Structures are given as structure tokens and as C-alpha cells.
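S.K.:
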Amino acid sequence: MKNINPTKTISWKNLQNHKKEIKKITLHHLFKQDVNRFKNFSINFENNILFDYSKNIINKNTIKFLIGLAKETNCINAINALFYGKKINVTEQRSVLHIATRTNNFLLKNTKIHNNINFILQKIKNISDDIISKKWKGYTNKKIKNIINIGIGGSELGPLMVTESLKSYKNKLNLFFLSNIDSDQLVEIIKKIKLEESLFIIVSKTFTTQETITNALSIKKWFMKNVITNINKNLILLKHFIAVTNNINAAINFGINKNNILPLLSEIGGRFSLWSSVGLSISLSIGFYNFKKLLKGANKMDNHFFYTPINNNIPIIMALISIWYSNFWNTETEAIIPYSYNMRFFPQYLQQLCMESNGKSIDRNGNKIKYQTSPIIWGNIGTNGQHSFFQMLHQGTKLIPCDFIASVNNLNNSFKEHHNQLISNFIAQTKTLAFGNTNNKDILQENIYKYCFGNHPSNSIFLRKINPYNLGSLISYYEHKIFIQGVILNIFSFDQWGVELGKKVANILLNDISQEIKEINKYDSSTNGLINFYKSFS
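If you read the sequence shown in the numbering used here, its first letter stands for residue 116, the second for the next number, and so on.
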């Protein structure tokens with residue numbers, strides 16, 4: 116990929132000048148000027164997902180200049196580099212291969228990697244089939260009823276979001292996620308399960324993640340303490356523990372049977388890993404058939420992303436619009452608002468996907484960045500959000516672009532009136548944010564505090580149904596959108612050195628916190644004070 120400072124391009128300067136003109140125009144006038152605006156600024160993906168971006172402060176010139184920016188920053192070459200397996204994760208000298216996990220026709224000509232991926236998929240299928248069919252039993256010959264996924268970050272957020280979003284496809288297995296090192300979460304899970312009916316999946320790429328390994332060791336100790344005496348401990352580990360990792364030897368040293376280890380490719384980053392062996396908990400929850408549907412839907416969006424010209428390419432268009440707001444309208448955040456209770460973890464999932472990928476301040480040339488990179492991602496489900504933060508969206512001083520996500524068909528095909536009300540709220544919010552009540556002059560005269568100026572931008576993403584296939588396409592769309600943002604903004608989207616530094620410092624401080632020394636005074640006064648306060652009362 117070429118390293119191009121976007122602010123040095125002709126298109127960037129065109130956009131700066133264009134902003135001065137379009138800021139004088141409201142969404143109300145943009146719609147009035149173009150009766151076909153919805154048709155001109157929306158894309159129907161496979162008749163499964165409608166992407167409506169017409170309620171953005173853009174016109175045809177905006178799109179023309181934004182597409183020019185994508186061309187000047189060589190987005191097409193970057194897409195080719197991603198799909199052909201070039202080492203675009205430069206700081207770690209790796210290819211980026213999450214796309215390879217969801218297709219047999221990946222452009223990467225590497226038989227070894229393809230065979231590895233197929234081997235992992237077969238292993239996921241075998242384990243899922245054995246657990247769901249009750250063929251796999253615990254050490255006391257009882258059926259497995261509880262699945263506990265032990266992992267943090269991408270090892271939890273993706274599988275948690277998918278399994279909750281697809282809850283209507285869930286089988287009878289109880290699924291728990293143990294991520295936080297706070298023992299309260301561990302205790303809560305232990306209270307709800309019987310160990311002889313439980314399977315623990317330890318998910319850690321390095322098998323050294325502090326939170327994950329601490330939790331796994333505590334679970335293992337608790338398990339061994341409570342088993343029936345005279346039982347072979349290797350049998351217990353064989354029947355009740357699985358590892359998903361790139362560090363096979365560390366998992367074996369932990370006590371995991373080699374046959375219970377699912378490899379995780381080093382070229383697949385945690386926040387992009389739900390399609391890989393990390394997705395075992397997804398397959399266990401919804402079945403391997405539906406897991407494959409998830410992969411197939413993602414692959415369909417991959418193909419759209421790779422083959423579709425820029426002007427109709429959904430991830431590219433949406434990435435450009437996001438950059439338009441953050442760098443030319445000085446917006447700082449984007450709100451993700453799914454009108455689906457089951458998708459309540461989607462904003463949290465996108466927080467990591469976007470902010471860990473593009474939360475960077477050094478460009479690919481090693482220079483300090485003087486423009487905006489990742490927006491702050493936040494949100495909540497509708498209609499709950501309408502009764503908390505929507506007041507600020509409508510009448511506050513911040514301009515906050517929003518993604519509204521909804522499904523045409525209710526997941527359980529019941530309570531139709533509830534769903535009608537949900538969708539009416541979904542559409543009403545996008546309309547009200549865009550147009551306010553500025554046409555009603557009586558309100559302005561009656562009570563100025565009721566006045567909503569409108570001109571707040573949003574995208575509406577309308578799925579026909581929240582099923583594995585469509586969810587796969589939706590997630591893949593956001594992955595590619597974030598990748599394109601990173602390409603245009605000239606940053607490396609596939610490392611996370613800030614996270615790594617935090618882990619390193621925590622391990623250093625842990626040594627001081629654990630020692631018997633009464634007072635610590637070797638750090639800054641705040642760090643010393645916090646450590647000493649903890650030690651004085653713990």
C-alpha cells in the first residue's frame with residue numbers, strides 16, 4: 116500500500132472548499148431539490164440489506180470529491196493487497212487473513228493456509244456436533260449443558276455479539292462468557308453451573324493474556340478441588356477443557372489435551388477472529404450449519420467489496436462519509452443504534468472493531484497525524500436510547516452522525532403490533548433528526564424550547580431479517596468500512612500497540628501491589644498514592 120497523506124491530495128482541498136458551500140444548505144432543501152434523492156443515495160444489497168445514506172449532508176458533488184479522495188489514496192490497490200494476502204500489517208510483518216476463513220475461493224494462493232482453515236472448520240463442526248448431539252459427555256458420563264467461553268477483547272466481544280444477536284437460532288445449551296478479571300463475574304458463573312456438566316473454552320491467541328489465563332487457572336483449580344476423588348485428572352481436562360490459541364505448547368503445558376486444541380492463525384487479529392476457531396462458541400450455540408451461513412453472508416459482502424466499483428461500493432461509500440464528518444465537520448463521535456434488543460451488544464462490538472483498529476496518531480510514514488482518525492463509537496438499542504441520550508441528538512450542540520439498524524421481520528414472528536411500533540420509532544427518529552420541526556413556525560412562536568432545527572445526519576441500515584447470513588454480511592460491511600478508513604487516513608489498522616503497553620505496565624505494577632512492602636514511592640505521586648491506598652485497606 117502506498118503511504119499518502121490524505122490532506123495533501125487535491126480531493127481533500129476540494130472537500131474543504133465544498134464544505135464552505137454545502138454547510139449553507141439543509142437536509143430539508145437537499146430533499147426538496149432532488150425528488151429522487153432516496154433512489155440516488157441508497158444501495159440495496161442482494162435484496163437483504165438496504166443501506167440508505169440519503170439523510171447525510173451530502174450531494175452529488177460531495178460524493179464526487181469523496182470518490183476522488185478514495186482514488187488518490189489508492190484504495191483499490193489496498194483492497195487487492197488485502198485479498199491477495201500481502202503483508203499489510205506492516206508493524207507486525209503479517210498478512211491479514213480473516214477474509215480467508217470464510218471462503219474457498221480466496222485469492223491467496225497458499226495451499227497450507229487453506230488446508231489449515233479447512234482443518235479448523237472441520238474441528239469446529241466435529242466438536243459442535245458431538246456436544247449438541249450429547250455424544251460428548253463429561254467425566255461422570257453426564258451430558259454437557261453449559262459452555263463457558265473464557266476470553267477477553269476479540270475473544271469475547273465478537274462471539275458474544277453474534278450469539279446474542281442470533282438468539283432465536285440458539286439451541287438448549289447454556290452459554291456463558293467469562294472475560295473480566297474481576298472475580299465477581301467468575302463467582303456469578305460458578306453459582307449457575309454444575310462442573311460435571313460444563314465445558315470450558317479458553318480463548319487466547321498467545322495463551323498469556325492476563326485476564327484469560329488467570330480466570331482459566333482459577334476455574335481449573337476450582338474444578339480439581341471439587342471432583343470425585345480417584346479420578347484421572349487428564350480425563351477431566353480431556354472432557355471439560357478446550358483451548359483456542361496460536362501457542363499450542365502453552366496450552367499443552369496448561370494441561371489441555373492436544374486433540375482439544377483448535378489452532379488460531381497468527382494472521383487473524385482478535386477483533387476480526389469470530390469467523391475462525393474463536394467462533395467455536397458461536398457454532399456450539401447456533402449449530403455448525405448456521406455458523407457456515409454466517410460465514411457465507413460475510414463472504415457475499417467480501418465479494419461486493421472486492422468487485423464493485425467505488426461509486427456503488429457500500430463499505431467505501433460509508434467509510435468516505437464517516438471521514439467527511441470527522442475531518443470536515445469536526446464531529447468526534449458516531450452513534451450506533453440497533454432497533455433490536457438481541458443486537459444490544461453490537462455498539463460495544465463496533466467500539467473495539469473501529470477504535471482499536473483506527474485509534475492511531477502516527478501515520479504509515481511514522482509522522483504525527485494532524486487530522487482526525489477514529490471517531491468515538493458508542494450507542495444503545497432503540498427505543499431505550501430515545502429515553503436517555505436522544506434529547507442531545509435532537510437539540511444538543513454536538514453534531515453526531517448515527518447509524519440506525521433495524522430488521523423488517525421480527526425474529527420470532529409474534530407480537531406484530533410491538534414490531535410495528537418499533538419500526539415506526541426507528542423511521543421517525545431518522546426523519547426527525549434530519550428535518551426537525553422547522554416547517555412548523557407556530558412552534559417557534561409558541562415555545563422556542565420545543566424547536567428542533569434538524570439537519571442531523573444518519574444512515575439507515577434495514578435488514579430483511581436478522582439471520583446468520585445477513586448478520587455475516589453486516590459485520591463484514593463494517594470490517595471493510597473500517598479498513599478503508601484506515602487506508603485513506605494513512606494508518607495501520609491491524610495492530611494495537613497502545614493495548615500492549617497497558618498490559619506491560621499492569622504486569623509491572625502487579626509485582627509492587629502483591630509484595631509486602633508497606634509503601635511504594637518509586638512512581639509518580641498519583642500512581643504511588645493509588646497503590647498505597649489499595650495496600651493500606653486490602
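Cβ coordinates follow ideal geometry from the N, Cα and C atoms, glycine included. Because the structure is a prediction, the values reported are computed rather than measured.
When we look at the beta-carbon of Trp612 and count the other beta-carbons within 10 Å, is it buried (16 or more) or exposed?
M.R.: The sequence position of residue 612 within the sequence shown is 497, counting from 1. That one is exposed.
S.K.: Does the distance from the CB of Ala549 to the CB of Leu142 come in under 8 Å?
M.R.: As a first step, residue 549 must be located in the sequence shown, where it is residue number 434. As a first step, residue 142 must be located in the sequence shown, where it is residue number 27. Against a cut-off of 8 Å, the Cβ pair of Leu142 and Ala549 comes out as a contact.
S.K.: Buried or exposed: where does His534 fall if 16 or more other Cβ atoms within 10 Å of its Cβ makes it buried?
M.R.: The count along the sequence shown starts at 1 and reaches residue 534 at position 419. So His534 ends up on the buried side.
S.K.: Using DSSP bridges, identify the partner residues of Lys257.
M.R.: Within the sequence shown, numbered from 1, the residue matching residue 257 stands at position 142. Paired residues: none, contrary to the question.
S.K.: Can you list the alpha helix (DSSP H) stretches of 4 or more residues lying completely in the region 546-623, in chain order?
M.R.: Runs found: 556-561 and 583-603.
S.K.: Rank Tyr199, Ile242 and Leu236 by C-alpha distance to the C-alpha of Leu726 and give the top, closest one.
M.R.: Only positions 116 to 653 of the chain appear in the structure, and residue 726 is not among them; the question remains open.
S.K.: Would you mind reading off the limits of the alpha helix (DSSP H) that contains Gly394?
M.R.: Taking the sequence shown and counting its residues from 1, one reaches residue 394 at position 279. No alpha helix (DSSP H) contains Gly394, which DSSP labels as neither H nor E.
S.K.: What residues are listed by DSSP as bridge partners for Pro453?
M.R.: In the sequence shown, the residue the question calls residue 453 occupies position 338. Paired residues: Ile520.
S.K.: Quick one: grab the DSSP three-state call for Trp127.
M.R.: The count along the sequence shown starts at 1 and reaches residue 127 at position 12. Trp127: helix per DSSP, three-state reduction.
S.K.: Lys336 to Val342, Cα distance in whole Å?
M.R.: Mapped onto the sequence shown, residue 336 falls at position 221. Mapped onto the sequence shown, residue 342 falls at position 227. About 10 Å.
S.K.: Count the C-beta pairs between the region 442-459 and the region 403-416 that are closer than 8 Å, then say yes if the count reaches three, no if not.
M.R.: No, they do not touch.
S.K.: Check whether chain C comes within 8 Å of Lys565, counting only Cβ atoms and requiring the distance to be less than that.
M.R.: Note that chain C does not occur in the displayed structure, where there is just one protein chain.
S.K.: Quick one: measure Cβ to Cβ for Ile267 and Ala331, integer angstroms, because I've assumed they're closer than 8 Å.
M.R.: Residue mapping note: residue 267 aligns to position 152 of the sequence shown, counting from 1. Residue mapping note: residue 331 aligns to position 216 of the sequence shown, counting from 1. About 11 Å separates the two Cβ atoms, so there is no contact after all.
S.K.: Below 8 Å between beta carbons: does that hold for Phe387 and Ile194?
M.R.: The count along the sequence shown starts at 1 and reaches residue 387 at position 272. The count along the sequence shown starts at 1 and reaches residue 194 at position 79. Against a cut-off of 8 Å, the Cβ pair of Ile194 and Phe387 comes out as no contact.
S.K.: For my contact list, Asn176 and His213 are in at a C-beta cut-off of 8 Å; report their separation, rounded to the angstrom.
M.R.: Translated into positions along the sequence shown, residue 176 becomes position 61. Translated into positions along the sequence shown, residue 213 becomes position 98. About 35 Å; that fails the 8 Å criterion.
S.K.: CB Gly500 to CB Phe541, shorter than 8 Å?
M.R.: Reading the sequence shown from its first residue, position 385 is the one you call residue 500. Reading the sequence shown from its first residue, position 426 is the one you call residue 541. Not in contact: Gly500 and Phe541 (Cβ atoms no closer than 8 Å).
S.K.: Quick check: the region 593-604 against the region 185-192, are at least 3 beta-carbon pairs closer than 8 Å?
M.R.: Output reads yes: the region 593-604 touches the region 185-192.
S.K.: Alpha carbon to alpha carbon, what distance is there between Asn151 and Ser157?
M.R.: Taking the first residue of the sequence shown as position 1, residue 157 is located at position 42. Taking the first residue of the sequence shown as position 1, residue 151 is located at position 36. Cα-Cα distance, rounded: 10 Å.
S.K.: What ranges does the beta strand (DSSP E) occupy inside the region 463-510, keeping only unbroken runs of at least 3 residues that lie completely in it?
M.R.: The region 463-510 contains these whole beta strand (DSSP E) runs: 491-494.
S.K.: To the nearest angstrom, how far is it from the Cα of Thr124 to the Cα of His571?
M.R.: On the sequence shown, residue 124 is found 9 positions in, with the first residue counted as 1. On the sequence shown, residue 571 is found 456 positions in, with the first residue counted as 1. Going from the Cα of Thr124 to the Cα of His571 covers about 28 Å.
S.K.: Please identify the residue among Lys354, Asp478, Met433 and Ala450 whose C-alpha is closest to the C-alpha of Val205.
M.R.: In the sequence shown, counting from the first residue as 1, residue 205 sits at position 90. Ranking the options by Cα distance to Val205, first place goes to Asp478.
S.K.: Here's the rule I'm using: 16 or more other beta-carbon atoms within 10 Å means buried, otherwise exposed. How should His502 be labelled?
M.R.: For the purposes of this step, residue 502 is taken as the residue at position 387 of the sequence shown. Counting Cβ neighbours within 10 Å, His502 comes out exposed, since fewer than 16 surround it.
S.K.: Along the chain, where does the alpha helix (DSSP H) that runs through Phe234 open and close?
M.R.: In the sequence shown, residue 234 corresponds to position 119, counting from 1. Taken as a continuous stretch (DSSP letters only), the alpha helix (DSSP H) holding Phe234 covers Thr226 to Ile247.
S.K.: Contact defined as beta carbons within less than 8 Å: I believe Ile397 pairs with Thr324. What is the distance between those atoms, to the nearest angstrom?
M.R.: As a first step, residue 397 must be located in the sequence shown, where it is residue number 282. As a first step, residue 324 must be located in the sequence shown, where it is residue number 209. Rounded, the Cβ-Cβ distance is 20 Å, inconsistent with contact.
S.K.: Note down the Cα distance separating Lys285 from His229, rounded to an integer number of angstroms.
M.R.: Taking the first residue of the sequence shown as 1, we reach residue 285 at position 170. Taking the first residue of the sequence shown as 1, we reach residue 229 at position 114. Going from the Cα of Lys285 to the Cα of His229 covers about 29 Å.
S.K.: Quick check on the DSSP output: the beta strand (DSSP E) that includes Pro378 runs from which residue to which?
M.R.: Your numbering for residue 378 matches position 263 in the sequence shown. Pro378 -> beta strand (DSSP E) spans Ile376 to Pro378.
S.K.: Please report how far the alpha carbon of Ile599 lies from the alpha carbon of Ile628, in whole angstroms.
M.R.: Position 484 of the sequence shown, counted from the start, is the residue given in the question as residue 599. Position 513 of the sequence shown, counted from the start, is the residue given in the question as residue 628. If I take the Cα positions, the gap works out to 43 Å.
S.K.: Buried or exposed for Thr512, going by 16 or more other Cβ atoms inside 10 Å?
M.R.: Counting from one through the sequence shown, the residue named residue 512 turns up at place 397. The residue in question, Thr512, is exposed, as its Cβ has fewer than 16 Cβ neighbours within 10 Å.
S.K.: Among Ser392, Asn364, Leu624 and Phe356, which has the Cα closest to the Cα of Asn375?
M.R.: As a first step, residue 375 must be located in the sequence shown, where it is residue number 260. Nearest of Ser392, Asn364, Leu624 and Phe356 to Asn375, Cα basis: Phe356.
S.K.: Have a look at Met116 and Val211 and give me their C-alpha separation to the nearest angstrom.
M.R.: Counting from 1 along the sequence shown, the entry for residue 116 is found at position 1. Counting from 1 along the sequence shown, the entry for residue 211 is found at position 96. Met116 and Val211: Cα-Cα distance of roughly 13 Å.
S.K.: Rounded to whole angstroms, what's the CA-CA distance from Ser392 to Leu379? Just pull it up for me.
M.R.: Position 277 of the sequence shown, counting from 1, holds the residue named residue 392. Position 264 of the sequence shown, counting from 1, holds the residue named residue 379. C-alpha separation (whole angstroms): 6 Å.
S.K.: Going by C-alpha to C-alpha distance, which of Lys546, Val523, Asn527 and Thr547 sits closest to Leu537?
M.R.: Taking the sequence shown and counting its residues from 1, one reaches residue 537 at position 422. Ranking Lys546, Val523, Asn527 and Thr547 by Cα distance to Leu537 puts Val523 first.
S.K.: What's the gap between the Cα of Tyr564 and the Cα of Ile305?
M.R.: Reading the sequence shown from its first residue, position 449 is the one you call residue 564. Reading the sequence shown from its first residue, position 190 is the one you call residue 305. Those two C-alpha atoms are separated by around 52 Å.
S.K.: Where does Ile156 fall in DSSP's three states?
M.R.: As a working note, residue 156 is residue 41 in the sequence shown. Reading off the sequence, residue 156 comes out as Phe, not Ile. Coil, per DSSP.
S.K.: According to DSSP, simplified to helix, strand and coil, what is Asn330?
M.R.: Indexing the sequence shown from 1 puts residue 330 at position 215. In the structure shown, Asn330 sits in a helix (DSSP, three-state: H, G or I).
S.K.: What is the DSSP secondary structure of Val302, reduced to helix, strand or coil?
M.R.: Start at 1 with the first residue of the sequence shown, and residue 302 comes out as number 187. Looking at Val302 - three-state DSSP - the assignment turns out to be helix.
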